[in-house]
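Data first, discussion second: the structure below is written as C-alpha cells.
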Amino acid sequence: YDETSSVIVLARLEDLLINIGEPARLIRIYKSSLSKNPQEPVIRFLLGKLYYRLEMIDDAFETFALFDTGGSGYPELHLLMGNLYLKRHQMEKAVHEFSKALDIKIALKLPYCCKECGFTSPEWSGRCEGCKKWNTFQFNLDGKCRI
1 YDETSSVIVL
11 ARLEDLLINI
21 GEPARLIRIY
31 KSSLSKNPQE
41 PVIRFLLGKL
51 YYRLEMIDDA
61 FETFALFDTG
71 GSGYPELHLL
81 MGNLYLKRHQ
91 MEKAVHEFSK
101 ALDIKIALKL
111 PYCCKECGFT
121 SPEWSGRCEG
131 CKKWNTFQFN
141 LDGKCRI
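Here the sequence shown is numbered in our numbering, starting from 1 and rising by one per residue.
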C-alpha cells in the first residue's frame, strides 16, 4: 500500500489480515495513512468499517464522528451507523440512520468504479471491462459514478 496508495489493496488485505489474526496491522496502516492525509474519506470509512467488524463499537463511533461527507450522500456510512446504534440499543437513532441510507437511493454495497471511463462493477477486477485499462478501479463511495 505504501508504494501504490491503492485503497483497493487495503480493502483486499482486510479479510486476509483478519483471517490470519492480525487486524491490528491493518489498523496501523489505516492510521498511518490518515496521519498523512486526515481528510481522506475512503480510508476513514474503511477504518470505521474495520472497527465495526471487529466489534470495536466505541472506536467505530469515534471514527465515523470525524467523517466529513462534504455534502455527499454516503449510504454505506448511514447503514453502518444504523447498525452501531442498534448495538447500543438506540433504536430511534438507528431508524433515522437507516432511513438516510434508503433516501439516498443508491446501492448499499460498496461498488467499484473505473476512474478512466466511469464503468461500474459490484466486483473488483484488475482490468476495467469498459476501457480495458489496468488498475483503474476505485471505490464509488461518494457516488460520482452512477450505477
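All C-beta atoms, glycine included, are put in the ideal place defined by N, C-alpha and C.
Terminal residues of the alpha helix (DSSP H) in which residue i lies
i: Y112; result: Taken as a continuous stretch (DSSP letters only), Y112 belongs to no alpha helix (DSSP H), being part of the beta strand (DSSP E) at Y112 to C114.
i: T63; result: I57 to A65
i: P38; result: Premise fails: P38 is in no alpha helix (DSSP H) and is neither H nor E.
Simplified DSSP assignment, three categories, for residue i
i: F137; result: strand
i: R88; result: coil
i: L54; result: coil
i: Y74; result: coil
i: I20; result: coil
i: I106; result: Confidence at I106 is low in this model, with a pLDDT of 49, below 50, so the placement of that residue should be treated as unreliable; the coordinate-derived value is given next. Coil.
DSSP beta-bridge partners of residue i
i: T4; result: Bridge partners of T4: none, in fact.
i: S121; result: Y112
i: R180; result: Absent from the model: residue 180. The displayed extent of the chain is 1 to 147, so no value can be given.
Where residue i falls, given that 16 or more other Cβ within 10 Å makes a residue buried
i: G48; result: buried
i: V7; result: buried
i: S5; result: exposed
i: C113; result: buried
i: L10; result: buried
i: G126; result: exposed
i: E92; result: exposed
i: E97; result: buried
i: P38; result: exposed
i: C131; result: exposed
i: I20; result: exposed
i: R88; result: exposed
8 Å contact criterion, which residue i and residue j should meet: CB distance rounded
i: P167; j: A101; result: An answer regarding residue 167 cannot be provided, because it is not within the stretch 1 to 147 covered by the chain.
i: F67; j: L77; result: 6 Å
i: L26; j: L50; result: 6 Å
i: L46; j: Y30; result: 6 Å
i: F61; j: L86; result: With 8 Å as the limit, F61 and L86 do not qualify as a contact, their Cβ atoms being about 13 Å apart.
i: K115; j: Q138; result: 5 Å
i: T120; j: C128; result: Contact flag wrong, Cβ pair sits at about 10 Å.
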